[in-house]
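Here is the structure we will look at, set down as structure tokens.
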Amino acid sequence: MENLTFKHDEVLFWSDTHFGHQNIIKYCSRPFEFSPEGTEAMDLVMLNAFREADATGKTIFHLGDFVFRPTTLKNTTWRPTGKHYIILGNHDKHANVDGKYRNLYQEYFHHIIGHSDNWKTETCTIDVDGLEILLSHDP
Numbered sequence: 008m009e010n011l012t013f014k015h016d017e018v019l020f021w022s023d024t025h026f027g028h029q030n031i032i033k034y035c036s037r038p039f040e041f042s043p044e045g046t047e048a049m050d051l052v053m054l055n056a057f058r059e060a061d062a063t064g065k066t067i068f069h070l071g072d073f074v075f076r077p078t079t080l081k082n083t084t085w086r087p088t089g090k091h092y093i094i095l096g097n098h099d100k101h102a103n104v105d106g107k108y109r110n111l112y113q114e115y116f117h118h119i120i121g122h123s124d125n126w127k128t129e130t131c132t133i134d135v136d137g138l139e140i141l142l143s144h145d146p
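Okay, so the sequence shown: first residue is 8 according to my numbering, each after it adds one.
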């Protein structure tokens, strides 16, 4: 991958959105009703935030576990226009090179880094204002 250098106001970071994952509401105490309707509401809030972030023109790095149920995003008509990267997490199995929804991930991300089976060791290093930053799904 090319050497990535940014100013601090050119880049955003996201992680663990888990689109379509009802249980994440309970596991992470997200402020939504624990129900299919609550999951839809959570997904809509996150999708709108993604739209707003994309509209800024900033590069977005997603640090894994983007979508738990890919059909959640497959059925939406909006796709980002910016340059975005994802480092695959353990719940991104459907985005591996042989994954059923690899094409969907390619509609959202300019570059897909790694393989979900190696999520603890997949990394990407970027430079932000001269500071080297190691990005990973593993906390």
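A virtual CB, placed ideally from N, CA and C, is assigned to each residue, including glycine. From a predicted model like this one, the values you see are computed outputs, not experimental measurements.
Own chain, CB closer than 6 Å to residue i, minus 5 neighbours either side, in chain order
{"i": "Lys81", "result": "Leu111"}
{"i": "Thr130", "result": "Leu141, Ser143"}
{"i": "His69", "result": "Trp21, Ile93"}
{"i": "Gly121", "result": "Ile94, Leu95, Glu129"}
{"i": "His91", "result": "Ile67, Phe116, His117"}
{"i": "Phe41", "result": "Ile32, Lys33"}
Selection from the options that minimises the alpha carbon distance to residue i
{"i": "Asp50", "options": "Glu129, Arg109, Asn103, Gln29", "result": "Gln29"}
{"i": "Gly71", "options": "Ala60, Phe26, Asp105", "result": "Phe26"}
{"i": "Asn125", "options": "Gln113, His118, Arg109, Ile94", "result": "Ile94"}
{"i": "Glu114", "options": "Gly137, Phe73, Phe13, His98", "result": "Phe73"}
{"i": "His144", "options": "Ile119, Val135, Thr78", "result": "Ile119"}
{"i": "Thr79", "options": "Tyr108, Asp61, Ile67, Gly96", "result": "Tyr108"}
{"i": "Lys65", "options": "Pro77, Lys14, Gly45, Glu44", "result": "Lys14"}
{"i": "Arg76", "options": "Leu138, Leu11, Ile133, Ile31", "result": "Ile31"}
{"i": "Val104", "options": "Thr88, Ser123, Pro146", "result": "Ser123"}
{"i": "Asp61", "options": "Val18, Pro38, Pro43", "result": "Val18"}
Extent of the continuous alpha helix (DSSP H) to which residue i belongs
{"i": "Thr132", "result": "Premise fails: Thr132 lies in the beta strand (DSSP E), 130-135, not in any alpha helix (DSSP H)."}
{"i": "Lys33", "result": "30-34"}
Continuous beta strand (DSSP E) stretch holding residue i: start and end
{"i": "Leu51", "result": "First-last for Leu51: 43-62, but that is the alpha helix (DSSP H), not the beta strand (DSSP E)."}
{"i": "Phe39", "result": "Counting along the chain, Phe39 falls outside any beta strand (DSSP E), and DSSP gives it neither H nor E."}
7 Å CB neighbourhood of residue i in its chain, flanking five on each side removed
{"i": "Met53", "result": "Thr24, Phe26"}
{"i": "Gly106", "result": "Lys100"}
{"i": "Arg58", "result": "Trp85"}
Residues bridged to residue i [DSSP beta-bridge criterion]
{"i": "Glu139", "result": "Asp134"}
{"i": "Phe26", "result": "Val74"}
{"i": "Leu19", "result": "Ile67"}
Below-8 Å beta-carbon distance, residue i vs any chain D residue
{"i": "Leu141", "result": "The chain inventory of the structure shown lacks chain D, comprising one protein chain alone."}
Same chain only: Cβ atoms within 8 Å of residue i, ignoring 5 sequence neighbours per side
{"i": "Asn97", "result": "Gly71, Asp72, Ser123, Trp126, His144"}
Hey, which unbroken runs of the alpha helix (DSSP H) at 4 residues or more fall wholly within the segment 53-125?
78-81, 109-115
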